[in-house]
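Student: In my numbering, the protein residues as written are 2 to 327. All C-beta atoms, glycine included, are put in the ideal place defined by N, C-alpha and C. Pasting a structure here, questions to come.
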């Protein structure tokens, strides 16, 4: 049986931990806001007169990615999912349940399950140095509602990760910054401030999750606390979007049509070592390039990445030639 790390023992021996483990972590000092403020972003207008708490949890063995629960009612309010997810990835090392079209983490949708929350999609900006993500509501004729991007360390002048939120497609710089998100170095908390530096929401891993992380190496449970007068639907959408920052179609394409085929070819090559049969690595990867061209063209990603199928096919074919030489 593995020994409990000293950090976990210290947490478990803290007298306040037993109380917090039972009734939940305490609320942070949030600053109430005016719901009619013109500086804020409003999606659906889900307001409360007192601090509101939600719970974010990772979905295991499911086509869904993450779920947000209303702590007061215990109901799931929002769920996220992405195209081509293998729900059994953690127990499927050979990829028997993988999608034929590949996994596209950059194509993420969030759907409302309970409550007065909007459904929306999160898509990456065509070209971005800061991993910008656009949030667009489903079923409306309007364009992007807001965007989330990472702030460079030269601007933040801090080792802590910073993110900015801007309205529509306007980058969250200077006067266009509506919210600023500040994470701690160990990734336990994520503070959300308005343009005046007031704390309006905070996401934090629970002590229960921290204990699981210390003992088992993983703990995905986080609380999301929102100040009175703040649109909860906006904050929850920001939480989903910040998790997507840095994802892009090109990264998914490279992984699906270059990395995965090479891994599969290496496994197949090892299995055919005795007989000496089977196609070469370069040939299989080059064939993957042709498949990539057809898939990108059929899915219709051209609007987001002009000439994606030709560029991807050429990139994968070059990888095939390099593999043959290797």
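Look at the alpha carbon of residue 282 and the alpha carbon of residue 259, and state the distance between them as a whole number of angstroms.
Tutor: In this prediction, residue 282 has a pLDDT of 49, which is less than 50 and means its spatial position is unreliable; what the coordinates show is noted afterwards. If you take the alpha carbons of residue 282 and residue 259, they lie about 11 Å apart.
Student: To which residues of the same chain is residue 43 closer than 7 Å at the C-beta, ignoring the five residues directly before and after it?
Tutor: Result list for residue 43: 232, 235, in chain order.
Student: If you scan the segment 181-206 from start to end, which runs of the beta strand (DSSP E) of 3 or more residues do you find wholly inside it?
Tutor: 190-195, 200-206, all fully within the segment 181-206.
Student: Does residue 263 pass the burial test, meaning 16 or more other C-beta atoms within 10 Å, or should it be called exposed?
Tutor: Classification for residue 263: buried.
Student: Given this structure, state the Cα-to-Cα distance separating residue 204 from residue 29, to the nearest angstrom.
Tutor: Taking the straight line from one Cα to the other gives about 10 Å.
Student: State the DSSP-derived secondary structure class of residue 33, mapped to helix, strand or coil.
Tutor: Coil at residue 33, not helix or strand.
Student: Rank 144, 160, 255, 88 by C-alpha distance to the C-alpha of residue 62 and give the top, closest one.
Tutor: The candidate whose alpha carbon is nearest that of residue 62 is 88.
Student: Suppose the cutoff is 7 Å on Cβ atoms and the five residues either side in sequence are ignored; what does the same chain contact list for residue 171 look like?
Tutor: If we look at residue 171 and ignore the five residues flanking it on each side, its Cβ neighbours are 177.
Student: Name the DSSP beta bridge partners of residue 167, please?
Tutor: For residue 167, which the question treats as bridged, DSSP gives the partners 148, 178.
Student: Count the other CB atoms, across all protein chains shown, that sit within 10 Å of the CB of residue 104; report buried if there are 16 or more and exposed otherwise.
Tutor: Buried is the call here.
Student: Buried or exposed: residue 303, going by 16 or more other Cβ atoms within 10 Å of its Cβ?
Tutor: Only weak support exists for where residue 303 lies, its pLDDT of 48 falling under 50; the coordinates are left without a value.
Student: Between which residues of its own chain and residue 162 is the CB-CB distance below 6 Å, once the five residues before and five after are set aside?
Tutor: Around residue 162: 184.
Student: Would you mind reading off the limits of the alpha helix (DSSP H) that contains residue 234?
Tutor: From DSSP, the alpha helix (DSSP H) with residue 234 extends over 233-243.
Student: Excluding the 5 residues flanking residue 135 on each side, which residues of the same chain have their C-beta closer than 6 Å to its C-beta?
Tutor: Correct list, in chain order: 124, 145, 148.
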